[in-house]
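Chemist: Here it is, the structure, as structure tokens.
Chains as they are written, first to last, in the numbering used here: chain B, 727 to 996; chain C, 226 to 514.
What follows is the structure, given as structure tokens:
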């Protein structure tokens, strides 16, 4: 019994290593200007108006909207394109499909940094530089490989008789896919959505290179930009950190188990 | 019949193949071509073919070698520590004592956030006026603030520390998932035979986990080779170029100094390292299936 409670206390102390920095940022975010450097954790007064000020000064409404559009559209298209391709690669094979599958997998190994220069060049020539579309296209391309892999792994586990039966019934391949395969695939869909959502919502390098206009910035680029202005007051930066983190925490709280399962499945299978 | 499904298969997979060719394959090929040129990145007709001179420059570039060693240091330290801490954390959760769920969530929180946000947080905490220096001063451990990000000898390790803080939770979850597959009977049998808890871990649990260990280490290594965000936001490669890694040095050369050709050579180095990782990864995945 003693040993158990000691273990529990130890575990909680270890948790503090991860929670103290977060507490500190939250406490910083509600301090007055003169309290910023004078206190460790507790402040005498709580200045929640910092949040309002941060929200308006750094145009957070705009940043959220931009990130939501880019992430939403790219995740949706990744979902469609990758599930179709994965289905083709395991159930509608053709000569060369194996080759294309492995080629796309190879894309998983190419980090964005390695191709960021030509990507910049291509987007400029397509007239897409400094548009949301450029990021959406890039995110789709870099999100596809792992998504194809996840879907393919799942489709291979769907019994082939099911598809054969539908074929014999005269169901068109597209219909078989949409009305039989997809409804069965919710676990794979969830994994892909969570995985690519995390990737795109947090992505920084491509957004930094492909967007120039402040009004188009995503949250990470906007955040790095506001810190780059060295006169940004600390309490507002801290409030910005909290604001930017909040949505993902809420999503996590709502679908915690799904989230964890999605991330581990995505990593271990990919 | 077969021909018909093949036809649809081509149609289904075409969009994915197109995306791959346009935005990954063509850029990779272009990188190799650009590496043989000198170009400022503005007007296409200004590209000058300079042959291998960019490669020659690379071999005499001290900052590149600094970035190379830094990247290797980053990869090795983060991979080793993340795996050790992740395994310890996972073993802790697996004990299922009161408080472990709380612990799991606390450690996992930073994983959810963008590296940019983690970088901003830790930059403030480790600033001369931040909480870490405040605390050190209040216990009289130091008289002058430690310049965690301003000291050439420390900056890289500070960024490594923040990275480990962020991703311990990720490795922990992967190991925890792995631990769920360890057969109970074998652990119990070893215990009955009088093996110590440490011996059980070393001789029963860890051998069983080896596929998870391989995948996790590889993921950490791949992540380490392409690290950019957190270095960029915490040090931008400074002070005095002391904390550059591949990606930050590439970014600086390409988009700060407008040296697209030279930066492409650095990109090729990244591609070469990535391909090595890819080969290893394929081997591991093959072994498993």
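Where a beta carbon is used, it is the ideal one built from N, C-alpha and C, also for glycine.
Given the structure is predicted, the values throughout are model-derived calculations rather than measurements.
Grouping DSSP H, G and I as helix and E and B as strand, with all else coil, what is residue 760(B)?
Modeler: DSSP places residue 760(B) in helix when its eight states are reduced to three.
Chemist: Rounded to the nearest angstrom, what separates residue 986(B) and residue 332(C) at their Cα positions?
Modeler: Going by the C-alpha atoms only, they are around 13 Å apart.
Chemist: Which runs of the alpha helix (DSSP H) spanning at least 4 residues fall entirely within the stretch 774-809 of chain B, listed in chain order?
Modeler: 775-783
Chemist: List the residues of chain C whose Cβ lies closer than 7 Å to the Cβ of residue 975(B), in chain order.
Modeler: 337
Chemist: Distance cutoff 7 Å, beta carbons only. Does residue 451(C) sit that close to anything in chain B?
Modeler: Taking a beta-carbon distance threshold of 7 Å, residue 451(C) counts as an interface residue toward chain B.
Chemist: Mind checking which residues open and close the alpha helix (DSSP H) that includes residue 824(B)?
Modeler: Start and end: 823-832.
Chemist: Apart from the five residues on each side of it in sequence, which residues of its chain come closer than 7 Å, Cβ to Cβ, to residue 923(B)?
Modeler: 797, 801
Chemist: Would you call the stretch 246-264 of chain C and the stretch 481-497 of chain C in contact, with 3 or more CB pairs under 8 Å?
Modeler: yes
Chemist: Mind listing the chain C neighbours of residue 958(B)? Cutoff is C-beta to C-beta under 8 Å, in chain order.
Modeler: Per Cβ cutoff of 8 Å: no residues; residue 958(B) is ~10 Å from chain C at best.
Chemist: Are at least three pairs of beta-carbons, each pair with one atom in the stretch 746-756 of chain B and one in the stretch 345-354 of chain C, less than 8 Å apart?
Modeler: yes
Chemist: Am I right that residue 822(B) and residue 917(B) are in contact with their C-beta atoms under 8 Å? What's the rounded C-beta distance?
Modeler: Not confirmed; about 27 Å, so no contact.
Chemist: In whole angstroms, what separates the C-alpha of residue 358(C) from that of residue 836(B)?
Modeler: The alpha-carbon separation between residue 358(C) and residue 836(B) amounts to approximately 39 Å.
Chemist: Pick helix, strand or coil for residue 274(C), following the three-state DSSP scheme.
Modeler: strand
Chemist: Residues of the stretch 371-392 of chain C with a CB closer than 9 Å to any CB of chain B: list them in chain order, please.
Modeler: 390
Chemist: Return the residue from the list 737(B), 734(B), 858(B) that minimises the CA-CA distance to residue 795(B).
Modeler: 858(B)
Chemist: Can you tell which of 450(C), 459(C), 278(C) has the C-alpha that lies nearest to the C-alpha of residue 301(C)?
Modeler: 450(C)
Chemist: On the three-state DSSP scale, how would you describe residue 262(C)?
Modeler: DSSP places residue 262(C) in strand when its eight states are reduced to three.
Chemist: Counting only Cβ pairs nearer than 7 Å, list the residues of chain C close to residue 949(B).
Modeler: 341, 342, 345
Chemist: Suppose the cutoff is 7 Å on Cβ atoms and the five residues either side in sequence are ignored; what does the same chain contact list for residue 892(B) look like?
Modeler: 902, 906
Chemist: Let me see if you follow: with CB-CB separation under 7 Å, is residue 446(C) close to chain B or not?
Modeler: no
Chemist: Name the two residues that bound the continuous alpha helix (DSSP H) containing residue 919(B).
Modeler: 912-928
Chemist: Find the residues of chain B that neighbour residue 323(C), judging by a C-beta separation of less than 7 Å, and give them in chain order.
Modeler: 734
Chemist: Is residue 871(B) near residue 252(C), with beta carbons less than 7 Å apart?
Modeler: Contact: no.
Chemist: Residue 313(C) CB to nearest chain B CB: under 7 Å?
Modeler: no
Chemist: Is it the case that the Cβ atoms of residue 444(C) and residue 315(C) are separated by a distance below 7 Å?
Modeler: no
Chemist: Check whether the stretch 371-379 of chain C and the stretch 403-417 of chain C are in contact - that is, three or more C-beta pairs closer than 8 Å.
Modeler: no
Chemist: Under 8 Å Cβ-Cβ, which residues of chain C neighbour residue 867(B)?
Modeler: Within chain C, the residues near residue 867(B) are 244, 245, 247, 248, 249.
Chemist: Mind listing, in chain order, the continuous alpha helix (DSSP H) runs of no fewer than 4 residues lying wholly within the stretch 392-418 of chain C?
Modeler: 409-417
Chemist: Does DSSP put residue 489(C) in a helix, a strand or coil?
Modeler: helix
Chemist: Taking just the CA atoms, how far does residue 244(C) sit from residue 938(B)?
Modeler: 24 Å
Chemist: Comparing C-alpha positions only, which one of 730(B), 849(B), 766(B) sits nearest to residue 266(C)?
Modeler: 849(B)
Chemist: With a cut-off of 8 Å on the beta carbons, I'd call residue 784(B) and residue 952(B) a contact; round off their distance for me.
Modeler: 5 Å
Chemist: Take residue 496(C) as the anchor and find which of 833(B), 873(B), 977(B) has the nearest alpha-carbon.
Modeler: Out of 833(B), 873(B), 977(B), 833(B) has the C-alpha closest to the C-alpha of residue 496(C).
Chemist: In angstroms, rounded to a whole number, what distance separates the CA positions of residue 737(B) and residue 317(C)?
Modeler: 8 Å
Chemist: Does any residue of chain B bring its CB to less than 7 Å from the CB of residue 298(C)?
Modeler: no
Chemist: Going along chain B, which residues have a C-beta under 8 Å from residue 423(C)?
Modeler: Result: empty, since nearest Cβ-Cβ is about 16 Å, beyond 8 Å.
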